[in-house]
Amino acid sequence: MPTTKNGTAIYAAHPEKNIDPAVHIKYVEREIGLDTVPLDGGVLLKTLYLSSDPYIRYRLRDPAQDSFVPPVYIGDPIDNSGIARVVRSDDPKFAPGDYVAGYLDFAEYSVYPGKSKSVLKSPLKKVDKVPGIPLSALTGTLGMPGMTGYQGIKGHALDALKTAKVMFVSGAAGPVGTFVTEYVKVIAPHVKIIASAGSAKKVEIMKSAGVDVAFNYKEQDTFAVLKEHGPIDIYWDNVAGPTLDAALLNFNYDGLIIACGAISQASHDDSSVHFDEIFKRRIEVEGFTAFQGKSAHVISHFQEEVVPLVQQGKIKIREHRYNGIREAGKALADVHVGANTGKAVIIVDNVD
1 MPTTKNGTAI YAAHPEKNID PAVHIKYVER EIGLDTVPLD GGVLLKTLYL SSDPYIRYRL
61 RDPAQDSFVP PVYIGDPIDN SGIARVVRSD DPKFAPGDYV AGYLDFAEYS VYPGKSKSVL
121 KSPLKKVDKV PGIPLSALTG TLGMPGMTGY QGIKGHALDA LKTAKVMFVS GAAGPVGTFV
181 TEYVKVIAPH VKIIASAGSA KKVEIMKSAG VDVAFNYKEQ DTFAVLKEHG PIDIYWDNVA
241 GPTLDAALLN FNYDGLIIAC GAISQASHDD SSVHFDEIFK RRIEVEGFTA FQGKSAHVIS
301 HFQEEVVPLV QQGKIKIREH RYNGIREAGK ALADVHVGAN TGKAVIIVDN VD
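Going by UniProt numbering, the first residue of the sequence shown is number 1, and it counts up by one from there.
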């Protein structure tokens, strides 16, 4: 029986610091029989879009090291959230041609759930195209990044936003940061937003998202900017490290930190040294991870509230597209160092 080449991105080695696509991610072409591969009650998927997200760096580690997310194992395909089309199905819930979302192998074709050791695998969800919105948006604005921003604001910051005057967002040119900015401008337009990112192009992205004070932290001193335009009442933290330090020294009393990420710590960079400011200034810190914990229930309202905002242009879709599985390693490396502009999405087979 004829077979088809199946490009796949394999985890090849543990990075010490940054991801090197030539060392840590290996592209291989395996053979798959689309008509004959056993499904064992599952489905055969044709991958369309794959998401590259900064948190994946935490998964690329020795399994003996504990973390808040499970590891990827050497020799296994990288996997993350994505969108696919059903090719064959042994599952009565799905039919050939259905679009589905779930945690997918970084491969052109895969059997779901298959034999992956990833514990992030969850039931596939059937999805439909939304008029006027590309299907790829389900990896970004209408996917995990957007839902992360929504959960953090809706589940942790609504009361604080009522009285807050100034909010600071770090890593604000990424898909979570731009969502947070645009969503806050919808529900709390009185709040001044200060935001940081690492390039002139990203400063322009932040401005397009409605940021009031946008700056490049590589060229301007974060402490000085916050000193001039603060004090801040809410800090949405995507990075931790020195940026968190600068924020702590420029907080109002009784402020709020929403701890969404700490990407500076993924490579063991310097951590905060001004932790004592939290009790001195009576700062409340609320950490969360997407789809988990006490605030996860708010996600049930995401689609009904956010889809109209996207269709109205109040929340925008920004994508940095990578072409095919061969570029998966670059996509993973770029999001770790902030080299992408817009949501990093790997286009495996474009249907939009």
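For every residue, glycine included, the Cβ atom is placed at its ideal position computed from N, Cα and C.
As the structure is a prediction and not an experimental result, all values here were calculated from the model.
Whole-angstrom C-beta distance between residue j and residue i, which should lie under 8 Å
i: T139; j: K343; result: 7 Å
i: H156; j: S295; result: 6 Å
i: D79; j: L39; result: About 18 Å; that fails the 8 Å criterion.
i: S170; j: N238; result: 5 Å
i: A209; j: T163; result: Not confirmed; about 23 Å, so no contact.
Proximity to residue i [Cα-Cα], best of the options
i: A101; options: I347, K185, L48 and D349; result: L48
i: V28; options: L34, G287, T3 and A107; result: A107
i: L161; options: F302, W236 and L45; result: W236
i: D276; options: N80, L248 and V69; result: L248
i: Y11; options: E284, D76 and Y55; result: D76
i: residue 356; options: V37, V72, G152 and Y99; result: One cannot answer for residue 356 here, as it falls past the ends of the chain, which runs 1 to 352.
i: K207; options: G42, D221 and E182; result: E182
i: N252; options: A188, I283 and L244; result: I283
i: A95; options: G114, G241 and K125; result: K125
i: M144; options: N323, Q311, K316 and F291; result: F291
i: D245; options: F223, D90 and T178; result: F223
i: E31; options: G41, I19, S52 and T8; result: T8
i: D159; options: I234, E16, P15 and G174; result: I234
i: R281; options: A173, F302, N250 and N18; result: N250
i: K17; options: Y58, E219, D53 and N6; result: Y58
i: D35; options: V87, P54 and V23; result: V87
Bounding residues of the alpha helix (DSSP H) (the contiguous stretch that carries residue i)
i: H229; result: T222 to H229
i: S170; result: Neither: S170 is in no alpha helix (DSSP H) and is coded neither H nor E.
i: F179; result: P175 to I187
i: E204; result: A200 to S208
i: L44; result: Run containing L44: none in the alpha helix (DSSP H); it sits in the beta strand (DSSP E), V43 to S51.
i: A195; result: Per DSSP, A195 belongs to no alpha helix (DSSP H); it is in the beta strand (DSSP E), K192 to A197.
i: A12; result: Where A12 is concerned, there is no enclosing alpha helix (DSSP H), given that its DSSP letter is neither H nor E.
Beta-carbon gap between residue i and residue j smaller than 9 Å
i: K192; j: V225; result: no
i: I232; j: A214; result: no
i: P134; j: D334; result: no
i: D254; j: R85; result: no
i: F168; j: S136; result: no
i: R321; j: V337; result: no
i: T341; j: F68; result: no
i: A328; j: I83; result: no
i: residue 355; j: Y109; result: No answer is possible for residue 355: the residues shown for the chain start at 1 and end at 352.
i: L45; j: V37; result: no
i: I278; j: I257; result: yes
i: G261; j: V176; result: yes
i: R318; j: T148; result: no
i: D51; j: S81; result: The identity of residue 51 in the sequence shown is Ser, whereas the question assumes Asp. In contact: S51 and S81 (Cβ atoms closer than 9 Å).
i: G132; j: Q311; result: yes
i: V307; j: V130; result: yes
i: I315; j: V127; result: no
i: G33; j: P2; result: yes
i: I56; j: A13; result: no
i: A173; j: S199; result: yes
i: P21; j: L309; result: no
i: I299; j: Y150; result: yes
i: L60; j: P15; result: yes
i: I347; j: G313; result: no
i: H301; j: K154; result: yes
Extent of the continuous beta strand (DSSP E) run through residue i
i: V213; result: V213 to N216
i: R57; result: Segment I56 to R59 is the alpha helix (DSSP H) holding R57; no beta strand (DSSP E) there.
i: L244; result: Unbroken run through L244 is the alpha helix (DSSP H), G241 to L248; no beta strand (DSSP E).
i: A344; result: K343 to I347
i: D254; result: F251 to A259
i: A107; result: A107 -> no beta strand (DSSP E), and no H or E assigned at all.
i: V28; result: I25 to I32
i: A84; result: D79 to S89
i: K125; result: K125 to V127
i: D237; result: I232 to D237
Residue i beta carbon near the ligand SAM (any heavy atom closer than 8 Å)
i: A157; result: This structure does not include the ligand SAM; it has no bound ligands of any sort.
- Mind listing, in chain order, the continuous alpha helix (DSSP H) runs of no fewer than 4 residues lying wholly within the region 265 to 328? Entirely contained in the region 265 to 328, the alpha helix (DSSP H) runs reaching 4 residues are, in chain order, 277 to 280 and 302 to 311.
- Task: Let me know the beta strand (DSSP E) ranges lying completely inside the region 137 to 171, each 3 residues or longer, listed in chain order.
- Result: Correct list: 166 to 169.
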